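Notes follow the structure.
Protein chains: 2
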Amino acid sequence: MPATIRDVARASGVHISTVSRTFSAPHLVNPETRSRVLATAESLGYRPNRAARALITGRTHNVGLIVADIANPFFPPLIKAAESQARQRDYHVFVADTNEDATAEEELVLAMAKQVDGVLLCSPRMSNSLIEQCSREVPLVVINRLVTGLPSVVMDVGQGARDAIEHLAGLGHRQIALLGGPRGSWTSREIRRAALLAARAAGADLTVLGPNPPTEDGGAAAADQVRRVGCTAVLAYNDLMAIGLLEGLDSLGIRVPEEISVVGIDDISLSRRTRPKLTTVATPTAAAGRAAIDMLLQHDNTAPSRTGRAAPTAVDGRRTTAQVTLQTELVIRDSTGPGPHLPAGPTYAATAASGPVASYVKE
Amino acid sequence: MPATIRDVARASGVHISTVSRTFSAPHLVNPETRSRVLATAESLGYRPNRAARALITGRTHNVGLIVADIANPFFPPLIKAAESQARQRDYHVFVADTNEDATAEEELVLAMAKQVDGVLLCSPRMSNSLIEQCSREVPLVVINRLVTGLPSVVMDVGQGARDAIEHLAGLGHRQIALLGGPRGSWTSREIRRAALLAARAAGADLTVLGPNPPTEDGGAAAADQVRRVGCTAVLAYNDLMAIGLLEGLDSLGIRVPEEISVVGIDDISLSRRTRPKLTTVATPTAAAGRAAIDMLLQHDNTAPSRTGRAAPTAVDGRRTTAQVTLQTELVIRDSTGPGPHLPAGPTYAATAASGPVASYVKE
DNA sequence: ATTGGTGCTGCAAAGGTTTGCAGGAGAAGT
DNA sequence: ACTTCTCCTGCAAACCTTTGCAGCACCAAT
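Protein sequence lines, in the order shown, are assigned to chains A and B. Just so you know, we're using full-length UniProt numbering here: the first sequence kicks off at 1 and counts up by one. Just so you know, we're using full-length UniProt numbering here: the second sequence kicks off at 1 and counts up by one.
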């Protein structure tokens, strides 16, 4: 029922190859013929069959994007950015959700492998060796994790954690807790590593709590634990947990930031709307989405391969395995305040930034 | 490089059709042969090429899902439900985001048409005739809109709006404002229709404000307008706007629910965490996602078509155009309270429900 | 011995598109 | 008049899989 290239050819009195070229290599066909073909194609409602095209070119013009949890507000900006960047290059994005389940990740990659030209693997929880194995089935770009030999884009959460700890130490906090993220998270390990180092350098104690589910409930559930460790400041794995913690502390009757300071990571839009507004480390998620798409599609000029069967289902053969690190930025709002060891003098007073403009403060 | 059915056939000494059947019709091949084929396939790392399969069967085993805005927390539960329902039937979901842009919708449907077996069109903003036109390119199920002749699943927001208005009227409110949704939204029109009727029946005045963008900012921006119309209660198009309104009113120094009562629609998870907790109309979004997938795939037993070229790219030829309406439920929390016309006596006192359990109150 | 089944496998066409190669027409250069 | 070149178009193979049909071997029943 749907019109094919053959119908268009018949109706406009040319060979099918001419029709094909009209769409995929317009400069090779006589302008006159071309417009005639285009007209009949239009009138027949012809649309190229991507499956057939994929079969012979080996390019589907789709890319997969696998995230842990669509409902986590961290991801939508990244997804949107990736989508729009892909759309500019005439690619489509196939979003899938693993529900924070490590085993679902491999399944999903494998299932997608043959119907996409590459996969963006976001915050994977599976092992490095498994990721590497997946990368043999389909070109992969990893986001939020560094895997040697694979192209990846990460945020510099290490720097972010350092900034956060220094900010807290500068405010006079000496007992700090770190609310760890989910098991298997590279980001979580990275934060932990950097935070421990920064705390030692600043002469503060850092107690690591976790692993925890990276959700509001996870943060709320940790409130009691936070109270028991007797800290005066907390750095959370992400904003969602920080916000949950804010609520948990509130229902325990603990005031923020007067009694306990809280810092999140990510700067999701919600963190501007909590009360108190959340001090957090902004991560450039949209930029990450764009960068990942660019890396995946870097060698794709949509130039026709010499022979159709070269590089099947692969955008690029010998890919450069670049690793991009994006800068983070500490945004100081109202959830952090002076701690018990704040030296006298105005030097160390935090100037709370208001509005969406990021402000960076070093002690 | 990747192994094909032919490689497996050669390596295991059978014809390619036997390999094919091993995967797509196992009961037709000798168990002994089958296991041998499976073994060699495994060792070669063979994975069926979905593009080739799609080409001949006309089934891609993909479905598209088009939403207005992934970042809107209304959608993720729907997306997740659709995904998991689809996965059970061995389908994949292709999520795309229109950024609330009506013209992007058609583009997206058309672009998807050939690479999916059907599309779930969620809260479309385009015209009915355009939708109908799209449905000629690819099987469509419309969510959150009633289009005659097309299968659709909607929430009974009319009943929800009625319940909300009756709730407010029962609390003694006589001046009510309706914060309308975006232009082109069927849901918005439906709410408006039902709310006007219910308000008249209850002897209350209803002022309609809008259209507004269905976001927190949209709600916040309307706060001033709400104040000027002099109402004592507001029903918002969705929770996001209601929450924005809560903030807007707060920064105007107007207390909720003491001075103005606010009701949302959707019951997104965030609405349980605002202060005051939001009274809202719960819409069964997950059920809607599941139902839509079921409708799209209803006649798909994955039974092989007699001839491969039957029903190309279409799950079903003569589809029953069922229209499903899902029930909504008023959830009373803390953002609604007594209005100026509350009669004496305990009869009309609202008993605020707490926790996630929905409670339904008729005046 | 013939017939009729049953259970399995091979054959080959088909699906829609791309693309290297060859060929034709006309123009231009010698 | 011959070659050479440029532009365009047609030819046909190839991509990988599914599936109706036919054929084979074997067994049971007549």
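Even for Gly, the Cβ is constructed at its ideal location relative to N, Cα and C. Everything numeric in this text was worked out from a predicted model, so none of it was measured.
Checklist entry - Applying the criterion that 16 or more other CB atoms from any shown protein chain within 10 Å of the CB defines a buried residue, is Q343 of chain A buried or exposed? => result Stepping through the first sequence from its first residue, residue 343 of chain A is reached at position 343. Gln is not the amino acid found at residue 343 of chain A; the sequence shown has Pro there. Exposed, by the Cβ-count rule.
Next on the checklist: According to DSSP, is D205 of chain B part of a helix, a strand, or is it coil?
Outcome noted: The count along the second sequence starts at 1 and reaches residue 205 of chain B at position 205. Here D205 of chain B sits in strand by DSSP.
Next on the checklist: Counting only Cβ pairs nearer than 8 angstroms, list the residues of chain A close to E83 of chain B.
Outcome noted: What you label residue 83 of chain B is simply residue 83 of the second sequence in a count that begins at 1. In chain order: A96, D97.
Checklist entry - chain B beta carbons: is any one of them nearer than 8 angstroms to that of R22 of chain A? => result Here residue 22 of chain A refers to the residue found at position 22 when the first sequence is read from its first residue. The sequence shown places Thr at residue 22 of chain A, not Arg. Judged by the 8 angstroms Cβ criterion, T22 of chain A is not in contact with chain B.
Item to check | Beta-carbon contacts of P151 of chain B that lie in its chain and below 6 angstroms, excluding the five residues immediately before and after | outcome: One-based indexing of the second sequence puts residue 151 of chain B at position 151. For P151 of chain B, where only same-chain residues beyond five positions count, the Cβ hits under 6 angstroms are V141, M295, T321, A322.
Item to check | Own chain, CB closer than 8 angstroms to T207 of chain A, minus 5 neighbours either side, in chain order | outcome: Locating residue 207 of chain A in the first sequence gives position 207, counting from the first residue. Once the five neighbours on either side are set aside, the close Cβ partners of T207 of chain A are Q175, I176, A177, L178, V229, C231.
Checklist entry - By how many angstroms is the C-alpha of G339 of chain A removed from the C-alpha of L197 of chain A? => result Start at 1 with the first residue of the first sequence, and residue 197 of chain A comes out as number 197. Start at 1 with the first residue of the first sequence, and residue 339 of chain A comes out as number 339. Roughly 20 angstroms separates the two Cα atoms.
Item to check | Cβ-based burial, H27 of chain A [other Cβ within 10 Å; buried from 16] | outcome: Along the first sequence, one-based indexing puts residue 27 of chain A at 27. Under this definition H27 of chain A is an exposed residue.
Checklist entry - Could you check where the beta strand (DSSP E) with M155 of chain A kicks off and where it finishes? => result On the first sequence, residue 155 of chain A is found 155 positions in, with the first residue counted as 1. Where M155 of chain A is concerned, the enclosing beta strand (DSSP E) stretches over 152–155.
Checklist entry - Can you list the residues of chain A that P26 of chain B reaches, using a CB-CB cut of under 8 angstroms? => result Taking the second sequence and counting its residues from 1, the one referred to as residue 26 of chain B is at position 26. Within chain A, no C-beta atom comes less than 8 angstroms from the C-beta of P26 of chain B; the nearest is roughly 19 angstroms away.
Checklist entry - What residue from B:P257, B:D97, B:T274 has the CA that sits closest to A71 of chain B's CA? => result One-based indexing of the second sequence puts residue 71 of chain B at position 71. Out of B:P257, B:D97, B:T274, B:D97 has the C-alpha closest to the C-alpha of A71 of chain B.
Checklist entry - Quick one, which of A:S24, A:Q115, A:P213 has its alpha-carbon nearest A54 of chain A's? => result As a position in the first sequence, residue 54 of chain A is number 54, starting the count at 1. Of the candidates A:S24, A:Q115, A:P213, the one whose C-alpha sits nearest the C-alpha of A54 of chain A is A:Q115.
Next on the checklist: Would G264 of chain A and A242 of chain A qualify as a contact pair, given that the criterion is a beta-carbon distance under 8 angstroms?
Outcome noted: By 1-based counting over the first sequence, the position of residue 264 of chain A is 264. By 1-based counting over the first sequence, the position of residue 242 of chain A is 242. Yes, the pair counts as a contact, with Cβ atoms nearer than the cut-off.
Checklist entry - Considering only residues of the same chain and omitting the five flanking positions on each side of V147 of chain B, which have a CB-CB separation below 6 angstroms? => result Position 147 of the second sequence, counted from the first residue, corresponds to residue 147 of chain B. Excluding residues within five positions, the ones whose Cβ falls inside 6 angstroms are N128, I131.
Next on the checklist: When you compare the CB positions of A292 of chain A and A39 of chain A, do they come within less than 8 angstroms of one another, or not?
Outcome noted: Your numbering for residue 292 of chain A matches position 292 in the first sequence. Your numbering for residue 39 of chain A matches position 39 in the first sequence. The answer is no: Cβ separation not under 8 angstroms.
Checklist entry - Cβ of L55 of chain A less than 8 angstroms from any chain B Cβ? => result Residue numbering aside, residue 55 of chain A sits at position 55 when the first sequence is read from its first letter. True, the Cβ-Cβ gap to chain B drops below 8 angstroms.
Item to check | Through-space distance from D117 of chain A to T313 of chain A, alpha-carbon basis | outcome: For the purposes of this step, residue 313 of chain A is identified with residue 313 of the first sequence, where counting begins at 1. For the purposes of this step, residue 117 of chain A is identified with residue 117 of the first sequence, where counting begins at 1. The predicted model places T313 of chain A with a pLDDT of 32, which falls under 50 and marks its position as unreliable; any figure quoted below should be read in that light. Those two C-alpha atoms are separated by around 5 angstroms.
Next on the checklist: For A221 of chain A and G248 of chain A, I'd like the C-alpha separation in whole angstroms.
Outcome noted: If you number the first sequence from 1, residue 221 of chain A lands on position 221. If you number the first sequence from 1, residue 248 of chain A lands on position 248. Straight-line Cα distance between these residues: approximately 7 angstroms.
Checklist entry - For the region 210–251 of chain A, which segments carrying the alpha helix (DSSP H) assignment without a break, of at least 4 residues, lie completely within its bounds, in sequence order? => result Here the runs fully enclosed are 216–221, 223–229, 239–251.
Checklist entry - So, using beta-carbon positions, are G253 of chain B and P211 of chain B closer together than 8 angstroms? => result In the second sequence, the residue the question calls residue 253 of chain B occupies position 253. In the second sequence, the residue the question calls residue 211 of chain B occupies position 211. It is not a contact, given that the beta carbons lie outside the stated cut-off.
Item to check | L297 of chain A vs R21 of chain A beta-carbon contact at 8 angstroms | outcome: On the first sequence, position 297 is the one that residue 297 of chain A refers to. On the first sequence, position 21 is the one that residue 21 of chain A refers to. Not in contact: L297 of chain A and R21 of chain A (Cβ atoms no closer than 8 angstroms).
Next on the checklist: I'd like to know whether the C-beta of L110 of chain B is nearer than 8 angstroms to at least one C-beta of chain A.
Outcome noted: In the second sequence, residue 110 of chain B corresponds to position 110, counting from 1. Yes - at least one Cβ of chain A is within 8 angstroms of the one on L110 of chain B.
Item to check | Partners in chain A for A52 of chain B, counting only beta-carbon separations shorter than 7 angstroms | outcome: As a position in the second sequence, residue 52 of chain B is number 52, starting the count at 1. From the beta-carbon of A52 of chain B, the residues of chain A found nearer than 7 angstroms are L55.
Item to check | Cβ separation of S269 of chain A and L278 of chain A, assumed to be a contact under 8 angstroms, to the nearest whole Å | outcome: The residue labelled residue 269 of chain A in the question sits at position 269 within the first sequence. The residue labelled residue 278 of chain A in the question sits at position 278 within the first sequence. The pair is not a contact, with the Cβ atoms about 11 angstroms apart (cut-off 8 angstroms).
Checklist entry - Exposed or buried, G203 of chain A, counting other C-beta atoms within 10 Å across all chains shown (16 or more means buried)? => result Position 203 of the first sequence, counted from the start, is the residue given in the question as residue 203 of chain A. Result: exposed.
Checklist entry - Where residue 412 of chain B and N30 of chain B are concerned, what is the direct C-alpha to C-alpha distance, given to the nearest angstrom? => result No information on residue 412 of chain B is available, as it lies outside the stretch 1 to 363 that chain B covers here.
Item to check | chain A contact residues for residue 364 of chain B, given Cβ-Cβ distances below 7 angstroms | outcome: Any question about residue 364 of chain B goes unanswered here, given that chain B covers just 1 to 363.
Checklist entry - Would V315 of chain B count as contacting chain A if we go by Cβ distances under 8 angstroms? => result Walking along the second sequence from the start, residue 315 of chain B turns up at place 315. Reliability of the predicted coordinates at V315 of chain B is poor, the pLDDT of 42 falling under 50, and no value is obtained from them.
Checklist entry - Considering only C-alpha positions, which residue in the set A:V8, A:Q159, A:S43 is nearest to D266 of chain A? => result For the purposes of this step, residue 266 of chain A is taken as residue 266 along the first sequence, with counting starting at 1. Out of A:V8, A:Q159, A:S43, A:Q159 has the C-alpha closest to the C-alpha of D266 of chain A.
Next on the checklist: Based on DSSP bridge pairs, tell me the residues matched to H92 of chain A.
Outcome noted: What you label residue 92 of chain A is simply residue 92 of the first sequence in a count that begins at 1. BP columns for H92 of chain A point to A:N62.
Checklist entry - What are the boundary residues of the alpha helix (DSSP H) that includes V116 of chain A? => result Here residue 116 of chain A corresponds to residue number 116 of the first sequence, with the count starting at 1. Where V116 of chain A is concerned, there is no enclosing alpha helix (DSSP H), given that its DSSP letter is neither H nor E.
Checklist entry - Rounded to whole angstroms, how far is the Cβ of T274 of chain B from the Cβ of H167 of chain B, which I believe are closer than 8 angstroms? => result Translated into the one-based positions of the second sequence, residue 274 of chain B becomes position 274. Translated into the one-based positions of the second sequence, residue 167 of chain B becomes position 167. That pair is no contact at about 18 angstroms.
Next on the checklist: Please state the DSSP three-state secondary structure of D7 of chain B.
Outcome noted: Against the second sequence, residue 7 of chain B aligns to sequence position 7. Looking at D7 of chain B - three-state DSSP - the assignment turns out to be helix.
Checklist entry - Distance, Cα to Cα, G64 of chain A vs V95 of chain B? => result As a working note, residue 64 of chain A is residue 64 in the first sequence. As a working note, residue 95 of chain B is residue 95 in the second sequence. Between G64 of chain A and V95 of chain B, the C-alpha separation is close to 10 angstroms.
Item to check | Member of A:S251, A:V138, A:Y237, A:P214 whose CA lies at the smallest distance from the CA of G58 of chain A | outcome: Within the first sequence, numbered from 1, the residue matching residue 58 of chain A stands at position 58. A check of alpha carbon separations from G58 of chain A across A:S251, A:V138, A:Y237, A:P214 identifies A:V138 as the nearest.
Next on the checklist: By the DSSP assignment, the beta strand (DSSP E) with T279 of chain A in it spans what residues?
Outcome noted: Locating residue 279 of chain A in the first sequence gives position 279, counting from the first residue. Start and end: 279–282.
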